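The structure appears below as structure tokens.
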Amino acid sequence: KETFEGHQVLRIVAKDEGQLSLIKALEDMSEFELDFWRGVTDVSTPVDIRVPFHSLQSVKIHLEGQDIEYSVMIEDLQAMLDKEQEEMVSAAR
Amino acid sequence: RPEPRNSDSFDFANYHPINEIYAFQDMLVAENPNLVSKIVIGQSYQGRDLNVLKFSTGGTNRPAIWIDTGIHSREWVTQASGTWFAKKIVTEYGRDPALTAILDKMDIFLEIVTNPDGYYYTHNSNRMWRKTRKPNSGSNCVGVDPNRNWDAGFGGPGASGNPCSETYRGPRAHSESEVKSIVDFVKSHRNFKAFISIHSYSQMLLYPYGYTRTPVKDQAELHSLAKKAITDLASLYGTRYRYGSIINTIYQASGGTIDWTYNQGIKYSYTFELRDTGRYGFVLPANQIIPTAKETWLALMAIMDHTFKNPY
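So, in structure tokens, the structure goes:
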């Protein structure tokens, strides 16, 4: 079973079209193994990306290095999934 | 989990594995033999039945409305909402004058688990799985994005040719049995008037096209109907939706479901992106299932009512 300990979902907001292109360029950086939950659309719409633990630091440095604003939408994905699972099990009981 | 004795005691406020949703479908059919029947339109790659619930009060090949949920398996709030819609239709027929008028003249088809292999996989192996589960020859990566596999701008920009991508289009249009089964069903039925494919998340109501900037010929009508639908949706809890064509509202996407259905002549072709915009993404808490389903139902009724009142 795939687990997601330490995976975070970052909510990234581009300031302008230039930054939007920089965010879109992340799609091709397969080494980060990013999972775009909400893809790049336009400057006014945030981009949500699930970032595996092993890439977190690199991705954050990459974004900060380009002055791209982001927030952490989900601190630890696995913790949320565990809660979801618990709810399902307790509902079953 | 104790088996619910009937569909009234089914727990709509929680997520359920595929076997429980399939059991619910059979229960609903058994309880409502004069309104609900189950059609198996094909099998998934791993051999699971592709179940479509048909809601009909009679007639032969009546004009029809299609609703599907769960084509992207990790979007759990959609399958859960689809289950609630099924019960809502049965409960409201004969009570709600608008729905009763629709069902007295039209049929409704509802496919709740449109990607069963993927859905099973999200419960047992990878909660974040989106695609089908068919292996791709020549690659270690599995699965095709079933919303890029349709013969509408297939292979164009807005889908990937890389089997490891979440938006992998597949080796050819309709290569996925989960997609081909709907294609064949829609083509053989030949009388669908509306086609609504439900995704999550980001709270949008979208109409064609996604593969080209060329506006659809019915753009004005689809746009104003979308506005009415999201206004009705927002009337319940104030949930705000954006709306417009796929390519103008989100991004270019080729091989998409509703581009194909629109090109088949099904004018009222829409895609929903349900909750959430806030903090949960695909892991929407179960306590938001029923509110999401209830508000979405108002938008669905707006589209179905308009379809009914504007025959073509």
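Just so you know, the sequences run in chain order B and U. Residue numbers for the first sequence follow this note's numbering, so the first one is 1 and each next one is one higher. Residue numbers for the second sequence follow this note's numbering, so the first one is 1 and each next one is one higher. Beta carbons are placed, not taken as given, at the ideal position from N, Cα and C, and that holds for glycine. These figures come from a predicted structure and were not determined experimentally.
Straight through space, the alpha carbons of Q66 of chain B and K131 of chain U are spaced by roughly 32 Å. No Cβ of chain B is located within less than 9 Å of the beta carbon of M27 of chain U.
Within the same chain, Cβ atoms closer than 8 Å to the Cβ of Y168 of chain U are found at K131, N136, C141, G143, V144, D145, R148, A159, S160, G161 and N162, the five residues on either side in sequence being excluded.
For chain U, the residues of the segment 16 to 38 of chain B that bring a beta carbon within less than 8 Å of one of its beta carbons are S30, D35, F36, W37 and R38, in chain order. In this structure, the beta-carbon distance from K24 of chain B to V40 of chain B falls below 9 Å. Two segments are said to touch when three or more pairs of C-beta atoms, one from each, lie closer than 8 Å; by this definition the segment 176 to 196 of chain U touches the segment 47 to 64 of chain U. Going by beta carbons, S200 of chain U and L298 of chain U fall outside the 9 Å limit.
Runs of the alpha helix (DSSP H) lying entirely within the segment 41 to 78 of chain U, each at least 4 residues long, are absent. At least 9 Å separates the beta-carbon of G42 of chain U from that of R74 of chain U. Across the segment 51 to 75 of chain B, CB contacts with chain U closer than 8 Å involve M73 and I74, in sequence order along the chain. Contact annotation, A80 of chain U with I289 of chain U: C-beta distance approximately 5 Å; criterion of less than 8 Å satisfied. DSSP, reduced to helix, strand and coil, places A194 of chain U within a strand of the structure shown. Between V216 of chain U and A14 of chain B, the alpha-carbon positions lie close to 30 Å from each other. Restricting attention to U:G153, U:I266, U:A229 and U:Y243, the CA atom closest to the CA of T214 of chain U is found in U:G153. Among the CB atoms of chain U, one or more fall inside 9 Å of the CB of E84 of chain B. When rounded, the separation of the alpha-carbon atoms in S9 of chain U and T239 of chain U is 28 Å.
The three-state reading of DSSP puts L110 of chain U in strand, counting E and B together. Under the three-state reduction of DSSP output, T100 of chain U falls in the helix class. Under the three-state reduction of DSSP, E166 of chain U is assigned to coil, being neither helix nor strand. Taking 9 Å as the cut-off, the Cβ atoms of L284 of chain U and Y243 of chain U do not count as close. Secondary structure note for D35 of chain B: its beta strand (DSSP E) is the uninterrupted segment D35 to R38. According to the DSSP assignment, S224 of chain U belongs to the alpha helix (DSSP H) that extends over Q219 to Y237. The C-beta of V40 of chain B comes closer than 9 Å to at least one C-beta of chain U. Taking 7 Å as the upper bound on Cβ-Cβ separation, chain B lies near residues R279, G281, F282, V283 and A286 of the segment 270 to 288 of chain U.
Nearest CB-CB separation between H306 of chain U and chain B: not below the 9 Å threshold. Within the same chain, P52 and S55 come within 7 Å of E33 of chain B by CB-CB distance, once the 5 residues on both sides are set aside. In terms of beta-carbon proximity, T114 of chain U stays away from the interface with chain B, with every pair separated by 9 Å or more. Within the DSSP bridge table, the entry for M204 of chain U names U:R242 and U:E273 as partners.
Restricting attention to U:I18, U:Y241 and U:T122, the CA atom closest to the CA of T83 of chain U is found in U:I18. When secondary structure is reduced to three states using DSSP, I61 of chain B falls in the helix class. Q8 of chain B sits in a strand when the DSSP states are folded into three classes. By the 16-neighbour rule on beta-carbons within 10 angstroms, M29 of chain B is exposed. V89 of chain B and Y15 of chain U have their C-alpha atoms spaced approximately 10 Å apart. Sequence-distant partners of Y120 of chain U (beyond 5 residues in either direction) whose C-beta falls short of 6 Å from its own C-beta, in its chain, are I18. Each residue's CA atom was taken as its position, placing F24 of chain U and T212 of chain U some 40 Å apart. Counted as a single uninterrupted DSSP element, the stretch harbouring Y70 of chain B is not any alpha helix (DSSP H) but the beta strand (DSSP E) occupying residues E69 to I74.
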